Amino acid sequence: MTTRATVLFVDDDRDFLESKRLFLEARGYRVLTAESPDEALRLLETETPAIIFLDLMMEHVDDGFRLAYRIGKDERLGHIPLVMLSGVAAETGRRFDGEAGGLREWSRLARFLDKPVTGRQVLAVIEQLAATEPAAMRPAV
Amino acid sequence: MAEGSILIVDDEYGVRSGIRTILEMEGYEVGEAGDGAGALLALEERDYDVALLDYRLPDTDGLSLLQTMKQRGCDAMVCMITAYANIDTAIAATRQGVDFFLPKPFSPDDLQGVIETLLRHRRARADAERLRAEHEASLLALAEERTQTHSLVSSLRDAVMVVNRDGDAVLANPPMLELLGLGEDDVLMRPAQELLGGGALAPLCEQLATPARDRTVRQLELGEQTYMASIVTFRDEAGEARGRILTLSDISEVRRLAMEKQKFIRTMVHELKSPLGSIKSLLEVVLDRSLGDELEPYLPMIDRADHRIDTLVELIRDLLTLARSEQEPFGDEPELVPVAPVLDEVAELARERGAERRVTVSVDLDPDLPPALVRPDDLTLLLSNLVGNAVKYNREGGTVTVRGFVEDGWLRLEVSDTGIGIRKENLDRLWDEFFREKRPETRELEGNGLGLSIVKRLVERAGGRLEVASVEGEGSIFSVVLPA
Chain A
133 MTTRATVLFV DDDRDFLESK RLFLEARGYR VLTAESPDEA LRLLETETPA
183 IIFLDLMMEH VDDGFRLAYR IGKDERLGHI PLVMLSGVAA ETGRRFDGEA
233 GGLREWSRLA RFLDKPVTGR QVLAVIEQLA ATEPAAMRPA V
Chain B
97 MAEGSILIVD DEYGVRSGIR TILEMEGYEV GEAGDGAGAL LALEERDYDV
147 ALLDYRLPDT DGLSLLQTMK QRGCDAMVCM ITAYANIDTA IAATRQGVDF
197 FLPKPFSPDD LQGVIETLLR HRRARADAER LRAEHEASLL ALAEERTQTH
247 SLVSSLRDAV MVVNRDGDAV LANPPMLELL GLGEDDVLMR PAQELLGGGA
297 LAPLCEQLAT PARDRTVRQL ELGEQTYMAS IVTFRDEAGE ARGRILTLSD
347 ISEVRRLAME KQKFIRTMVH ELKSPLGSIK SLLEVVLDRS LGDELEPYLP
397 MIDRADHRID TLVELIRDLL TLARSEQEPF GDEPELVPVA PVLDEVAELA
447 RERGAERRVT VSVDLDPDLP PALVRPDDLT LLLSNLVGNA VKYNREGGTV
497 TVRGFVEDGW LRLEVSDTGI GIRKENLDRL WDEFFREKRP ETRELEGNGL
547 GLSIVKRLVE RAGGRLEVAS VEGEGSIFSV VLPA
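Just so you know, the sequences run in chain order A and B.
Mapping the first sequence onto this note's numbering, position 12 (from 1) lands on 144, and the numbers just tick up by one.
Mapping the second sequence onto this note's numbering, position 115 (from 1) lands on 211, and the numbers just tick up by one.
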């Protein structure tokens, strides 16, 4: 099977990471996982994934945003589409995608996904982004 | 017919009956007495409007009798009659409170004229007296009402200011004075606009001056506190606006509790949703057959899902315990519970759980330890929580020691461990619901952050307190202090 692209998941829930890895690997993706922003940054020193899914709330409530900001500023990584995963929108009634346009721009988020997020939803987002930003979806080295 | 009652006091029977005949024909009620003692007796029996007193009586004289009558509270009009009239007696009599002086002999017309005059005076006097009494009573009532209103308003916890039609403050209670930082004398009859203007209360000025409605309510922030301000117009019977009452109620605590509850619910939803999301993710892999048609490769995932369901069930159980620990359980009273058997059971369970990591659990109770006054289930629950934590957050090969002794009349149960300890900055937040220390050492340890919240409430429900001492990296001591 040819490897289609590398996808990185950053989330502090190991079961979530593992199931997304298995789901996407079955479809030919190479999946990297990180349980913390620090681990993600270490991975990104040598890896350039085609897309990054990151959880908003990890150790701190805004870990997701901080990580998104750091990746966005990075010359080599800045072009990678970021997808924020969060249960916050549903829990607080706050919507991040439409209203907080500034926030999205600031953190360069391509998408917001409300948790729980299924493998199928993840897959749909990857395919959408591949269609609109083909350059970003080039196979990993 | 004339109305009135007249007492005739004269020692001469002829004079008495003469006067009686004339007066009764006119329709007056008449009483009579032949001497001073008789007069006082008659006055004890009933009141008279007018007393006709002879100046010379067998046992006393008219003026002495008058004095005695006045002393006894007689308020009849008094007319002195005497055959020995001279100007000196007249003056003396008038000085002593005689209302009229009638020299003998007198004609029936003279008598009638005098009686009519005296009765008229008496009525006028009674009217004046009644008016005075009424006036006094209403003044008294007014004063009382004012005092009552004043003490009522003063005792209110809310800050109250009453403003008259001209917008001047006419009443401000102590909380309001404190809020304004002014004394009562600085406030009274000063324009409310001046008193409230400038600061955080300024928005109220306009509403006080020209309120759109008879009642306006708004929320405002004063420093750290949140106030609910209400302005109510009060009107007289004709519906005319007489002034306004401004009330400021401190609702900070209510708001804080409401926000805390909101936060609690948000966190709770998050804590319930995360494991559900993970279980769903794990099952999706199975349903998707991502790993092929064999069951074997899926077993670890199903195992994980099963475990996550266990933690969810545990979380729900803890949430229920937490909710229950906030109220006094019905029909479940504290009793004197011997600590040793409970602790033996708890320690045994903890040993089993610590065995793999070679954590030892020892119990050291004072042999004379009195029983604890607590609900038996609560004691088991709080000790198993504390001892369980001491094992869980311990290092490999560490120790847990439970001591029990009496100190200053309190029963102390101390659970100490040789574990990772607690960071100083987190000691205060330890009891917050869902709080967990996020440290590399705790990453692999599961927990929902409700255990210590439950323990604290159970201890407090038993009338005790929970204390903690800890050094990061060395260990912690949790002390349950219960009434002995």
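Cβ atoms here follow ideal geometry from the backbone N, Cα and C, with glycine treated the same way.
Note that the coordinates shown come from a computational prediction; the quantities given were computed from them, not determined experimentally.
{"Asked": "Sheet register partners of residue 190/B (DSSP bridge)", "Found": "According to DSSP, which records beta bridges pairwise, residue 190/B is partnered with nothing at all."}
{"Asked": "Closer than 9 Å to chain A by CB, residue 494/B", "Found": "no"}
{"Asked": "Helix, strand or coil at residue 405/B according to DSSP, with G and I counted as helix", "Found": "helix"}
{"Asked": "Contacts that residue 158/A makes with chain B (C-beta to C-beta distance below 9 Å)", "Found": "381, 384, 385, 386, 387, 388"}
{"Asked": "C-beta neighbour in chain E for residue 249/A, strict 9 Å", "Found": "Reference to chain E is not applicable here, since the protein chains of this structure are A and B."}
{"Asked": "Counted within 10 angstroms of its Cβ, other Cβ atoms place residue 536/B as buried (16 or more) or exposed", "Found": "exposed"}
{"Asked": "Residue 109/B, enclosing alpha helix (DSSP H) - first and last residue", "Found": "109–122"}
{"Asked": "DSSP-derived helix/strand/coil call for residue 434/B", "Found": "coil"}
{"Asked": "Local conformation of residue 375/B per DSSP, three classes", "Found": "helix"}
{"Asked": "The region 354–368 of chain B: positions lying closer than 7 Å to chain A by Cβ", "Found": "362, 365, 366"}
{"Asked": "Buried/exposed call for residue 514/B, threshold 16 Cβ in 10 Å", "Found": "buried"}
{"Asked": "At least 3 beta-carbon pairs within less than 8 Å: the region 254–262 of chain A vs the region 104–115 of chain B", "Found": "no"}
{"Asked": "Contacts around residue 118/B, its chain only, beta-carbon distance under 8 Å, and the 5 residues preceding and following it disregarded", "Found": "204, 207, 208"}
{"Asked": "Residue 360/B, DSSP secondary structure in three states", "Found": "helix"}
{"Asked": "Exposure label - residue 245/B; buried when at least 16 CB within 10 Å", "Found": "exposed"}
{"Asked": "Proximity test, Cβ basis, 9 Å: residue 400/B and chain A", "Found": "yes"}
{"Asked": "Residue 337/B: first and last residue of the uninterrupted alpha helix (DSSP H) it sits in", "Found": "Here residue 337/B belongs to no alpha helix (DSSP H); instead the beta strand (DSSP E) covers 337–346."}
{"Asked": "Beta-carbon gap between residue 575/B and residue 554/B smaller than 9 Å", "Found": "no"}
{"Asked": "Endpoints, alpha helix (DSSP H) assigned at residue 172/A", "Found": "169–176"}
{"Asked": "Among 201/A, 186/A, 264/A, 138/A, nearest to residue 178/A - alpha-carbon criterion", "Found": "138/A"}
{"Asked": "For residue 197/B and residue 155/B, the rounded distance between their alpha carbons", "Found": "21 Å"}
{"Asked": "For residue 149/A and residue 142/A, the rounded distance between their alpha carbons", "Found": "8 Å"}
{"Asked": "Spatial neighbours of residue 146/B in its chain, beta-carbon cut-off 8 Å, leaving aside the 5 residues before and after", "Found": "100, 101, 102, 103, 172, 173, 174, 175, 211, 214, 215, 218"}
{"Asked": "Residue 183/A in three-state terms, based on DSSP", "Found": "strand"}
{"Asked": "Three-state secondary structure assigned by DSSP to residue 197/A", "Found": "helix"}
{"Asked": "Given residue 313/B as reference, the closest of 319/B, 299/B, 321/B once Cα atoms are compared", "Found": "299/B"}
{"Asked": "Run of the beta strand (DSSP E) containing residue 170/B, from where it starts to where it stops", "Found": "Run containing residue 170/B: none; DSSP gives neither H nor E here."}
{"Asked": "is_contact[residue 230/A, chain B] using C-beta, thresh 9 Å", "Found": "With a pLDDT of only 49 at residue 230/A, under 50, the local geometry of the prediction cannot be trusted, and the value read off the model is given with reservation. Not one chain B Cβ lies under 9 Å of residue 230/A."}
{"Asked": "Given 8 Å, three or more beta-carbon pairs between the region 166–175 of chain A and the region 186–205 of chain A", "Found": "yes"}
{"Asked": "Residues from the region 476–494 of chain B in contact with chain A, defined by Cβ distance under 9 Å", "Found": "none"}
{"Asked": "Candidates 569/B, 340/B, 223/B, 143/B: closest to residue 257/B by CA position", "Found": "340/B"}
{"Asked": "9 Å Cβ cutoff, residue 243/A in contact with chain B", "Found": "no"}
{"Asked": "Continuous alpha helix (DSSP H) assignments of at least 4 residues falling wholly in the region 518–551 of chain B", "Found": "none"}
{"Asked": "Reduced DSSP secondary structure (H/G/I, E/B, other) of residue 190/A", "Found": "coil"}
{"Asked": "For residue 154/B, three-class secondary structure by DSSP", "Found": "coil"}
{"Asked": "Proximity below 9 Å, CB of residue 203/A to CB of residue 176/A", "Found": "yes"}
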